[in-house]
Amino acid sequence: MKHRSFLLTFSFIGITLFKSYSQDTDFVGYATALIKKDSIIETNYIGYSNKEKSLKYNSSTIQPIGSVSKTVIGLSIMIAKEKGLLDLDEDIRKYLDFEFVNPHSKKENKITLRHLATHTSGIVDNEKSYESSYSIGLEPNMELGVYLKEYLIKGGSKYSKKNFNKSSAGRKYEYSNIASGLAAYIIEKVSGKPFDLFTEENIFKPLKMHNTGWFYKDIEKENHAILYNEQDKALEPYSCAIYPDGSLKTTISDLSIYLKELIKGFNKKSKLLSKKSWEELFKPSFTDKIQIKNINKKEPNTGIFMAHFKSGNIGHTGSDLGVSTIMLFDPKTKTGKIFMANEDLTEKNVEKFKLIWKSIK
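Taking my numbering, I'd label the letters of the sequence shown as residues 215 to 575.
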């Protein structure tokens, strides 16, 4: 399985050079959106959600968005914080129903939610163990909490010293889907609700994102796009035990509503969070006083699961088998852009993607 990571990070993001592009596409299907300040200006749909049945990709098409899902974890953390359920800088052992240690740490290693949200916790994605979180089918093969315990606790079926790096928490950046899933699990523990229900009640329902959910059972299956690999072959439906890290399923219309709300929040105009919490969500975490090793040069900073790109944009990228997504906004112009496709981003279609992205303006 392919890791959900920043596979879609390119130096051209944020640059607008082309006014139009051909509708002949190297993607099976995709959608784009342009958001300016408080308005969704334009959405476009090209290609097929199901090419075998000649079903067009449209405003009702639902597909996973990969790691763009992590921004929902970040927003959920801030909502839980406002409810008095957690603190970003508290030792996470206070919230968990199990204990684990980084086997490489000689001293007591305090891990906080801030570490999890900025990918500096020391928990890493051991490829062999992480890939086992995926399964073919409409439901995950293991519950989130069970998987995390098997991965993090010594003696667990998925445990390995390779599940951790050798740096103490807060010292080294290493992108981690497992740590992201752990952050979502903490929200479950402190709220007493499954993460999917917490996000439905506190984010999707208030924003009227009616075609958004984490599991196949939560969406209209007939509207779900078929996902395609780089050979344009249809993939069987698959699920992931660490679902909060990248399994959110939505439409371009709902994702546009979400991005519009993020932009409003950045401008202190959203009532979903207080002005102080919105500021905390987006605030760059790494400063001159906080020196972090191994920083991603194309994404040199991050808020609470909100990536700050070298271009100045804020948002996230996402990829998975049959999934390519970008959701970003420019904090200066208050303009947001979305691209989502039901196919892998590869050398075959990357040049086409560049033209598409630059045309959204």
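Think of the CB as a built atom: it goes at the ideal place given N, C-alpha and C, for glycine as much as any other residue.
> Which full runs of the alpha helix (DSSP H) of 4+ residues lie inside the segment 409 to 471, going along the chain?
Replying inline: 409 to 413
> Under three-state DSSP, which class holds G550?
Replying inline: strand
> So, is E494 buried or exposed, given that buried needs 16 or more other C-beta atoms within 10 angstroms?
Replying inline: buried
>> Going residue by residue through the segment 312 to 366, where are the continuous alpha helix (DSSP H) segments of at least 4 residues, counting only ones entirely within it?
In response: 327 to 331, 341 to 345 and 358 to 366
>> Just to confirm before moving on: does the CB-CB distance between G536 and E561 stay below 8 angstroms?
In response: The answer is no: Cβ separation not under 8 angstroms.
>> Please report the straight-line C-alpha distance between I552 and K320, rounded to a whole angstrom.
In response: Their backbone Cα atoms lie some 44 angstroms apart in a straight line.
> Can you tell me whether DSSP reads T285 as helix, strand or coil?
Replying inline: helix
> Rounded to a whole number of angstroms, what is the C-alpha to C-alpha distance between K524 and S273?
Replying inline: 31 angstroms
>> Can you look up Y280 in the DSSP assignment and give me helix, strand or coil?
In response: Before going further, note that residue 280 is Gly rather than Tyr in the sequence given. The answer is helix: DSSP assigns G280 an H, G or I state.
> Are the beta-carbon atoms belonging to L469 and M541 less than 8 angstroms from one another?
Replying inline: yes
>> Quick check on this structure: which residue in A331, S374 and S263 has the alpha carbon closest to the alpha carbon of D339?
In response: S374
> For the candidate residues K548, E304, E444 and S371, whose alpha-carbon lies nearest to that of L473?
Replying inline: K548
>> What does the alpha-carbon distance come out to for the pair D240 and L362?
In response: 38 angstroms
> I think L413 touches K463, with their Cβ atoms under 8 angstroms apart; what is that distance to the nearest whole Å?
Replying inline: Residue identity check: residue 413 is Thr in the sequence provided, not Leu. The C-beta distance from T413 to K463 rounds to 12 angstroms, too long to fall under 8 angstroms, and the pair is not in contact.
> Do S461 and A393 have their C-beta atoms closer together than 8 angstroms?
Replying inline: no
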